[in-house]
């Protein structure tokens, strides 16, 4: 063993990098936004020797999604599993859950392993690995497939009755409640220790009312949750970050809003509220340590220029901002009023008409003038239709997206996510895509007018710009833009000296790209991104009914065209043995699951040592 591994601090830093080794990182379907609840590498290190065991277990147990793994540390004769249909929580789910029930422990020795691992849990309701720039979206990834062996109501009740300590998790720092935790609300105070710093409520109100036990879930939601929020200053004196990611009932929201006036050092207040007041905005602007905030402005509060004369430095420490506002002018005004700011994660939702290009350019210039070049990493601008079926009318003179508009953001060299989900008339060309690649080499997602159309075909963007973008942005995973596929010029970039194919790009949304021959498209995609897993688009031109599209040749039917391209690409994966799961025509899922079969349809997966 190397001498540096005997130094605890050095070894713990090494383990932080081991944590980044994902279980299925060689799988073409894996990408940056995948979520994991285990790490086989850390589990293997924990069983290697005594020197590695304790530091590896600290990181392995630091973030837990449920209390299931902790409950299974009790003696086996006390824990039993009950198989239950997952549709009692998700009506349309086909999953089967293994609920854990608990018999009352009879001696203090039964709690020894439980106490040992409980002290290591710092976050509950979190996945093992969550990147900071995913903080605005991670709470959405809660599905039954990731909810393995949850604790039942009887199990939580037994823990609370027979536990001889004040808190189940004495060192808990972060707690995130999902829709599956609504029935556990009466037992949540057993988790609210004096060390708790962050509390998040991550479920929709409609999900609670949709549970089969409507009365019980509704009663717990309407009575227990508001009183719990009102008691936070007493139960959790260290709590400084409160987040409610969705619109809740007025009782829940009012109880959460009262937390602003009682918390001394507020660092995060991400509570969705449709009726904010100037007093609340002023109170938040005066918080010197506030780093995360959600602001929802209406027509009366959209003009926030009054902050400049009221507060000298509003939001001085703000890092994460999500804002719902009628127009982008309010966003530009806020950044201007803040002065020198260090915004890193920003999302704006606009709902009063499609934002014109002038407002977009003014916003980008405000970022350039008031934010350091190494700060902004995540920018998402979204347009929300006021009602379905609304027709969006665009004028090229007012809604044109050009390279000049985007160029104001080029100084932000650490840009990782750039998403424009707004209707615009796009006039970008290959040189603009190359400029983005040169200035933003750390891009992970680039979505331009996603869910909309560029509407200016035939486009000035071709394979040259797309291939260059994938070459220079080595971490790019998802791409959404339109280009003219008929220009077979990908070789202009692939033939350059030093060119390397992208091994990270997985998904491409081609929007309304002008399609070409299927073989030409598949050959060009395989030339620069051999691990592409899915390609889709809506096709160029006026949309047609599905029954008419079914009679068109694949070159004119966008659905059939991209399905054929994906089929050709996956066949090439199997031929080159790129995919770790055999995708050849000989693969039979039924034969692969047959333990007595003579044919090995798929390659054996590596066997990892796991901690029970």
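Residue numbers (full-length UniProt numbering): 1 to 612.
Backbone N, C-alpha and C fix where the C-beta goes; we use that ideal spot for every residue, glycine too.
Computed from a predicted model, the values in this text were never measured in an experiment.
Report yes if the CB atom of residue i is closer than 7 Å to the CB atom of residue j, and no otherwise.
| i | j | result |
| --- | --- | --- |
| residue 297 | residue 325 | yes |
| residue 256 | residue 229 | yes |
| residue 191 | residue 175 | yes |
| residue 472 | residue 441 | yes |
| residue 233 | residue 262 | yes |
| residue 316 | residue 288 | yes |
| residue 528 | residue 467 | yes |
| residue 200 | residue 243 | yes |
| residue 357 | residue 421 | no |
| residue 520 | residue 458 | no |
| residue 49 | residue 101 | no |
| residue 112 | residue 98 | no |
| residue 508 | residue 476 | no |
| residue 360 | residue 405 | yes |
| residue 171 | residue 128 | no |
| residue 335 | residue 370 | yes |
| residue 391 | residue 430 | no |
| residue 22 | residue 59 | no |
| residue 536 | residue 562 | yes |
| residue 224 | residue 185 | yes |
| residue 284 | residue 272 | no |
| residue 331 | residue 305 | no |
| residue 182 | residue 220 | yes |
| residue 347 | residue 322 | yes |
| residue 469 | residue 448 | no |
| residue 385 | residue 350 | no |
So for residue i, helix, strand or coil by DSSP?
| i | result |
| --- | --- |
| residue 303 | coil |
| residue 444 | coil |
| residue 340 | coil |
| residue 485 | coil |
| residue 62 | coil |
| residue 365 | helix |
| residue 394 | coil |
| residue 501 | coil |
| residue 354 | coil |
| residue 347 | strand |
| residue 478 | strand |
| residue 5 | helix |
| residue 123 | strand |
| residue 494 | helix |
| residue 579 | Residue placement at residue 579 is poorly supported in this model, since its pLDDT is 43, which falls under 50; the coordinates still yield a value, given next. Looking at residue 579 - three-state DSSP - the assignment turns out to be coil, as it is neither helix nor strand. |
| residue 183 | helix |
| residue 603 | Summary for residue 603: the model assigns pLDDT 44, below 50, so the residue's position carries little reliability, and this model does not support an answer. |
| residue 310 | helix |
| residue 224 | helix |
| residue 51 | helix |
| residue 37 | coil |
| residue 327 | coil |
| residue 106 | coil |
| residue 614 | Since the first residue shown for the chain is 1 and the last is 612, residue 614 is missing from the structure and cannot be characterised. |
| residue 333 | helix |
| residue 560 | helix |
| residue 410 | coil |
In the DSSP output, which residue or residues are listed as bridge partners for residue i?
| i | result |
| --- | --- |
| residue 524 | Partner(s): none; residue 524 has no beta bridge. |
| residue 292 | 268, 320 |
| residue 200 | 176, 243 |
| residue 514 | 484 |
| residue 400 | 425 |
| residue 98 | 83 |
| residue 536 | 509 |
| residue 382 | 349, 421 |
| residue 138 | In the DSSP output, where bridge partners are listed per residue, residue 138 has none listed. |
| residue 73 | Residue 73 pairs with nothing; no bridge assigned. |
| residue 456 | Its beta-bridge partners do not exist; DSSP assigns none. |
Check the Cβ-Cβ distances between residue i and every residue of chain D, and say whether any is below 7 Å.
| i | result |
| --- | --- |
| residue 120 | The structure shown contains no chain D, having only a single protein chain. |
For the beta strand (DSSP E) holding residue i, just list the boundary residues, first then last.
| i | result |
| --- | --- |
| residue 449 | First-last for residue 449: undefined, no H or E at that position. |
Along the chain, where does the alpha helix (DSSP H) that runs through residue i open and close?
| i | result |
| --- | --- |
| residue 156 | 153-162 |
| residue 465 | 463-472 |
| residue 78 | From DSSP, residue 78 is part of no alpha helix (DSSP H); its letter is neither H nor E. |
| residue 234 | 232-235 |
| residue 433 | 430-439 |
| residue 193 | Taken as a continuous stretch (DSSP letters only), residue 193 belongs to no alpha helix (DSSP H), as it is neither H nor E. |
| residue 113 | 112-118 |
With a threshold of 6 Å, establish whether the CB of residue i neighbours any heavy atom of the ligand GDP.
| i | result |
| --- | --- |
| residue 63 | Among the ligands in the structure shown, none appear at all, so the ligand GDP cannot be discussed. |
#### Entry: Inside the stretch 237-290 only - beta strand (DSSP E) runs reaching at least 3 residues
Listed in chain order, the beta strand (DSSP E) elements of length 3 or more contained wholly in the stretch 237-290 are 241-244, 268-271.
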